[in-house]
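K.L.:
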Amino acid sequence: MMKKLLVSLFFLGFISTQAQNLIWKTNINDAIEISNQSKKPMLIMFTANNLADNLQNEIMKTLDFALWSRDNVILVKLDLSDSQASDSDKEQNLKLKNAFGVQDLPEICFANAVIRKNKTTFQALGKMAYKSGGVKAWITESNAILHPSDF
């Protein structure tokens, strides 16, 4: 019995750690390639420094989000205040923010994209800003955007 409890605690601790170590792509072209290979849409989070951490703490740092995102989306984080980003990446991220109509940060956009003849075409699926209500409500809203025929 004690052995099962220890194994369970170890497993839960491992998954909890994984929830905090999600793999976010920061280059949109890499994300598009992975998205197309895996046939999963991208979850693009437009963010910047010194923003409220509600979205991160209540949604993205949870086990539920980690499990959901692993199965449903390719995670992309575009930090509009990243001083380490090249000028071309900063310009590209700002153009994407404007193209998706992002007003407030942080904001999430769901999209598919293809690159043909060095031209990228995005298909916006929907977007959402942070709303209180917890991760389960957030996932339900995200699923409604990604799979509208199911709702």
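So the sequence shown is residues -19 to -1, 1 to 132, counted in mature numbering (1 follows the signal peptide of the UniProt record, and there is no 0).
Even for Gly, the Cβ is constructed at its ideal location relative to N, Cα and C.
Computed from a prediction, not measured in an experiment: that's the story for all the values here.
Please state whether the Cβ-Cβ distance between PHE27 and LYS78 is less than 8 Å.
P.N.:
yes
K.L.:
Is it true that the CB of TRP5 sits closer than 8 Å to the CB of LEU56?
P.N.:
Result yes, Cβ atoms of LEU56 and TRP5 sit closer than 8 Å.
K.L.:
Can you check which of these residues, GLU39, ALA110, ASP60, ARG51, is closest to ASN31 by C-alpha distance?
P.N.:
Ranking GLU39, ALA110, ASP60, ARG51 by Cα distance to ASN31 puts ASP60 first.
K.L.:
Three-state secondary structure (DSSP) at ILE4?
P.N.:
coil
K.L.:
Could you spell out where the beta strand (DSSP E) holding ILE40 opens and where it closes?
P.N.:
Per DSSP, ILE40 belongs to no beta strand (DSSP E) and is neither H nor E.
K.L.:
Is the beta carbon of ALA92 closer than 8 Å to that of PHE103?
P.N.:
Between PHE103 and ALA92, the gap from beta carbon to beta carbon is short of 8 Å.
K.L.:
Provide the residue(s) that pair with GLY107 in DSSP beta bridges, ordered along the chain.
P.N.:
PHE91
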